[in-house]
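*Asks:* Residue numbers (our numbering): 591 to 700. Take this structure first; my questions come after.
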């Protein structure tokens, strides 16, 4: 049977949750007025990235029961959001560049 790596919780807690929290700080203002400047497709990609970051931060990885046979089902939303952003090769690049582009555009509005 396929089993989750027991170091998964540590990896998420130590590395991914801090990065997701930092990214949320950037994405929140971008999405507040991003609809004015972004194409609908790009706005939706960033919204999906924000949902993924929120899901990462709201999951308590220290309390995961690795023996629970339904654990993978409980993590399904997290997996689906990740896979949605990885579906096409250009999606990660677009979501990675868009917040920076938006911040540059916002600076010009000051």
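For each residue, glycine too, the CB sits at the ideal point set by N, CA and C.
Determine the burial state of residue 649: buried for a count of at least 16 other Cβ atoms within 10 Å of its Cβ, exposed for fewer.
*Replies:* As a first step, residue 649 is located in the chain shown; it is residue number 59 there, counting from the start. The residue in question, residue 649, is buried, as its Cβ has 16 or more Cβ neighbours within 10 Å.
*Asks:* Suppose the cutoff is 7 Å on Cβ atoms and the five residues either side in sequence are ignored; what does the same chain contact list for residue 633 look like?
*Replies:* Here the question's residue 633 lines up with position 43 in the chain shown. Within the same chain, residue 633 has close Cβ partners 624 and 625.
*Asks:* Is it true that the CB of residue 668 sits closer than 9 Å to the CB of residue 652?
*Replies:* Translated into positions along the chain shown, residue 652 becomes position 62. Translated into positions along the chain shown, residue 668 becomes position 78. No, the pair does not count as a contact, with Cβ atoms beyond the cut-off.
*Asks:* Decide if residue 635 is buried, meaning its Cβ has at least 16 other Cβ atoms within 10 Å, or exposed.
*Replies:* Residue 635 sits at position 45 when you count from the first residue of the chain shown. Classification of residue 635: buried, given that the 10 Å Cβ count is 16 or more.
*Asks:* Here's the rule I'm using: 16 or more other beta-carbon atoms within 10 Å means buried, otherwise exposed. How should residue 659 be labelled?
*Replies:* The residue given as residue 659 occupies position 69 in the chain shown. Flag for residue 659 reads exposed.
*Asks:* Quick one: grab the DSSP three-state call for residue 658.
*Replies:* Counted from its first residue, the chain shown places residue 658 at position 68. Here residue 658 sits in coil by DSSP.
*Asks:* Which residue comes first and which comes last in the alpha helix (DSSP H) that contains residue 600?
*Replies:* Mapped onto the chain shown, residue 600 falls at position 10. Per DSSP, residue 600 belongs to the alpha helix (DSSP H) from 598–601.
*Asks:* Excluding sequence positions up to five away, which residues of its chain have a Cβ less than 8 Å from the Cβ of residue 617?
*Replies:* The residue given as residue 617 occupies position 27 in the chain shown. 636, 639, 640, 643 and 689, listed in sequence order.
*Asks:* Which runs of the beta strand (DSSP E) spanning at least 3 residues fall entirely within the segment 603–667, listed in chain order?
*Replies:* none
*Asks:* Can you give the beta carbon distance from residue 607 to residue 647, rounded, assuming they're within the 8 Å contact cut?
*Replies:* For the purposes of this step, residue 607 is taken as the residue at position 17 of the chain shown. For the purposes of this step, residue 647 is taken as the residue at position 57 of the chain shown. Yes, residue 607 and residue 647 are in contact; Cβ-Cβ is about 6 Å, under 8 Å.
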